[in-house]
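Student: Structure incoming, see below.
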Amino acid sequence: MEKQSRRKAIEEYARLVERLAPKSDMARGLLRSFWVGGFICMLGQIITDVFAYGFQWGMQSASTATSICLIFLSALLTGLGVYDKIGKYAGAGSIVPITGFANSVVAPAMEFRREGLVMGVGAKMFTLAGPVLVYGIGSSIIVGLISFFWR
Numbered sequence: 387m388e389k390q391s392r393r394k395a396i397e398e399y400a401r402l403v404e405r406l407a408p409k410s411d412m413a414r415g416l417l418r419s420f421w422v423g424g425f426i427c428m429l430g431q432i433i434t435d436v437f438a439y440g441f442q443w444g445m446q447s448a449s450t451a452t453s454i455c456l457i458f459l460s461a462l463l464t465g466l467g468v469y470d471k472i473g474k475y476a477g478a479g480s481i482v483p484i485t486g487f488a489n490s491v492v493a494p495a496m497e498f499r500r501e502g503l504v505m506g507v508g509a510k511m512f513t514l515a516g517p518v519l520v521y522g523i524g525s526s527i528i529v530g531l532i533s534f535f536w537r
């Protein structure tokens with residue numbers, strides 16, 4: 387008897403959750419993500435072309451300058467509170483690697499700045515980006531060692 391009432395309560399709760407949970411429009415989310423991510427990439431290509439062909443810097447220097455510009459723009463938009471709105475609108479489309487990484491460093495630093503420069507900004511800056519750095523650097527070392535010894 388107790389098992390049956392427990393099962394009934396679980397089923398009733400599941401129906402309640404299904405009724406109250408917000409409905410997700412996957413097609414709209416994918417479209418938003420695709421066009422915002424594509425726009426960020428297009429902006430990066432435009433910046434690269436301006437530096438490479440407009441200023442005649444060469445592709446390697448232009449690529450470096452493009453990375454710097456995209457990181458700066460992402461950090462600036464995060465500081466102004468605009469990047470969070472872009473993220474809410476576009477979802478994963480806003481975390482194109484370099485801009486999303488810059489946002490993940492700046493956002494915690496801004497959030498904890500009132501705790502001081504060392505214990506606030508310095509300690510909390512890499513709370514989101516730290517694991518990415520650790521696993522990225524660690525995996526690149528492993529791949530490099532495998533490549534070195536494979537030859």
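One gets this note's numbering by counting positions in the sequence shown from 1 and adding 386 to each. Where a beta carbon is used, it is the ideal one built from N, C-alpha and C, also for glycine.
#1: Going by Cα to Cα distance, which pick from F487, K474, G444, Y475 is closest to L456?
#2: Any chance the region 401-415 sits against the region 426-438, with 3 or more Cβ pairs inside 8 Å?
#3: Pick from A493, Y521, A515: whose alpha carbon is nearest that of V468?
#4: With C-beta atoms as the reference, is I433 less than 8 Å away from T464?
#5: Could you have a look at F441 and say whether DSSP puts it in helix, strand or coil?
#6: For A400, would you say it is in contact with chain C, using Cβ-to-Cβ distances shorter than 8 Å as the test?
#7: Please say whether G477 and R418 have beta carbons closer to each other than 8 Å?
#8: CB-CB under 7 Å to I424, same chain, minus the five flanking residues each way: which ones, in chain order?
#9: Which stretch, first to last residue, makes up the alpha helix (DSSP H) that contains G473?
#10: For V422, which of helix, strand or coil comes out of DSSP?
#11: Please say whether F437 and A448 have beta carbons closer to each other than 8 Å?
#12: Three-state secondary structure (DSSP) at K409?
Tutor: Let's see:
#1: Within the sequence shown, the letter at position 70 stands for residue 456. Among F487, K474, G444, Y475, the Cα nearest to that of L456 is on F487.
#2: The region 401-415 vs the region 426-438: no contact.
#3: In the sequence shown, counting from the first residue as 1, residue 468 sits at position 82. For the residues A493, Y521, A515, the minimum Cα distance to V468 belongs to A493.
#4: Here residue 433 corresponds to residue number 47 of the sequence shown, with the count starting at 1. Here residue 464 corresponds to residue number 78 of the sequence shown, with the count starting at 1. Not in contact: I433 and T464 (Cβ atoms no closer than 8 Å).
#5: The sequence position of residue 441 within the sequence shown is 55, counting from 1. Here F441 sits in coil by DSSP.
#6: Given the protein chain composition of this structure (a single chain), no chain C is represented.
#7: Counting from one through the sequence shown, the residue named residue 418 turns up at place 32. Counting from one through the sequence shown, the residue named residue 477 turns up at place 91. Result yes, Cβ atoms of R418 and G477 sit closer than 8 Å.
#8: Numbered from 1 along the sequence shown, position 38 holds the residue referred to as residue 424. A quick correction: the sequence has Gly, not Ile, at residue 424. Here the set comprises nothing.
#9: Position 87 of the sequence shown holds residue 473. For G473, the enclosing alpha helix (DSSP H) begins and ends at 468-476.
#10: Locating residue 422 in the sequence shown gives position 36, counting from the first residue. In the structure shown, V422 sits in a helix (DSSP, three-state: H, G or I).
#11: Locating residue 448 in the sequence shown gives position 62, counting from the first residue. Locating residue 437 in the sequence shown gives position 51, counting from the first residue. For A448 and F437, yes; Cβs fall inside 8 Å.
#12: For the purposes of this step, residue 409 is identified with residue 23 of the sequence shown, where counting begins at 1. Coil at K409, not helix or strand.
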